[in-house]
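Okay, so here's the structure we're looking at.
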Amino acid sequence: MSGSPDFYLTDQSVEWMEGDVPIESAEFETVWTKAMAPYQEEWNRTRQRYPEGMRVAGAIMFFSIHGIHIALSDGGYAVTAYEPVRSRVDHSYLYPHYLIEGTVQGVDGVNCWLVLGNCTMSGGTDGKETILQF
Numbered sequence: 025m026s027g028s029p030d031f032y033l034t035d036q037s038v039e040w041m042e043g044d045v046p047i048e049s050a051e052f053e054t055v056w057t058k059a060m061a062p063y064q065e066e067w068n069r070t071r072q073r074y075p076e077g078m079r080v081a082g083a084i085m086f087f088s089i090h091g092i093h094i095a096l097s098d099g100g101y102a103v104t105a106y107e108p109v110r111s112r113v114d115h116s117y118l119y120p121h122y123l124i125e126g127t128v129q130g131v132d133g134v135n136c137w138l139v140l141g142n143c144t145m146s147g148g149t150d151g152k153e154t155i156l157q158f
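For the sequence shown, this note's numbering begins at 25 and goes up steadily by one.
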């Protein structure tokens with residue numbers, strides 16, 4: 025499990041609104057740890073289910089500065105670097121809902137994501153939404 029569906033990651037600058045208060049990095053880390061606390065129990069189960077070296081599959085959710093975010097078939101979440109995938113798959117597969125497989129190479133305990141490598145894609149989709157082709 026991850027906070028991924030409940031948090032918004034941006035690759036753009038964030039527009040300040042009236043009432044926003046800047047905080048230091050240490051304060052952000054404290055707030056982030058508290059916000060992620062409800063996900064820890066499920067995250068620990070996910071980590072146990074997926075040891076390093078295990079092959080896993082899921083569907084692309086979105087792209088961010090962290091890489092390609094993946095919803096695993098059982099509800100867990102993973103991330104993989106964009107460039108290695110882009111360099112070896114048909115670029116028309118690099119859209120949300122396309123299926124992707126990879127090997128667990130580690131974990132990101134701060135964000136509660138598995139970290140995948142050696143990813144492959146066959147062009148299949150999860151069937152949840154029509155994929156537009158240009």
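Glycine is no exception: its CB is placed at the ideal position from the N, C-alpha and C atoms.
Am I right that residue i and residue j are in contact with their C-beta atoms under 8 Å? What's the rounded C-beta distance?
i    : j   : result
L123 : A83 : 6 Å
Taking the alpha-carbon positions, what's the residue i to residue j distance?
i    : j    : result
A59  : P46  : 18 Å
V80  : T127 : 6 Å
G141 : E66  : 22 Å
T144 : R110 : 10 Å
F158 : E51  : A caution first: F158 carries a pLDDT of 46, below 50, which makes its placement in the model too unreliable to give a value.
W137 : G148 : 23 Å
M41  : S49  : 19 Å
R71  : S88  : 22 Å
K129 : G43  : Note that residue 129 is Gln in the sequence shown, not Lys. In a straight line, the C-alpha of Q129 is about 42 Å away from that of G43.
Could you check if residue i is buried or exposed, using at least 16 other CB atoms within 10 Å of its CB as the buried criterion?
i    : result
H115 : exposed
T54  : exposed
T57  : exposed
A95  : buried
A236 : Because the chain here runs from 25 to 158, residue 236 falls outside it and cannot be looked at.
V38  : exposed
Thinking C-alpha only, which one of the options is nearest residue i?
i   : options            : result
Q64 : A95, A50, G100     : G100
G91 : V139, Y74, M78     : V139
R73 : D98, F86, M85, H93 : D98
Is there contact here, the segment 145 to 153 with the segment 126 to 134, by at least three beta-carbon pairs under 8 Å? no
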